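Below is one structure, written out as structure tokens; the observations come after it.
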């Protein structure tokens, strides 16, 4: 998924766009959706937020003193 943000100054004399470029090296998570933001970390932890259902989910596959 790519996003482009168009930004203009209040006076309208400056405009620019910020965007992301798709990369096959950085694949989108398998359960990503238009209404779900997902962040994956090096250790396998994922944090997702579903804006449609207002649901936050944290998945931490490694076991430690916090998750047994």
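Numbering (the working numbering), first residue to last: 674 to 741. Every residue, glycine too, gets a C-beta built ideally from N, C-alpha and C. This one's a predicted model, so the numbers in the text were calculated from it and none came from an experiment.
> residue 710 bridges to which residues according to DSSP?
Replying inline: Reading the chain shown from its first residue, position 37 is the one you call residue 710. Paired residues: 722.
> Per DSSP, which one or two residues make a beta bridge with residue 735?
Replying inline: By one-based count along the chain shown, residue 735 stands at place 62. In the DSSP output, where bridge partners are listed per residue, residue 735 has none listed.
> Looking at C-alpha atoms only, which residue of 708, 680, 714 and 679 is the closest neighbour of residue 727?
Replying inline: Against the chain shown, residue 727 aligns to sequence position 54. Selected option, being the one with the closest Cα: 708.
> Is residue 727 close to chain B, meaning its C-beta is less than 8 angstroms from at least one C-beta of that chain?
Replying inline: The chain labelled as chain B is not found in the depicted structure, where only one protein chain is given.
> Which same chain residues, not among the five before or five after residue 691, have their C-beta less than 8 angstroms away from its C-beta?
Replying inline: Along the chain shown, one-based indexing puts residue 691 at 18. Closer than 8 angstroms at Cβ, skipping near neighbours: 677, 678 and 680.
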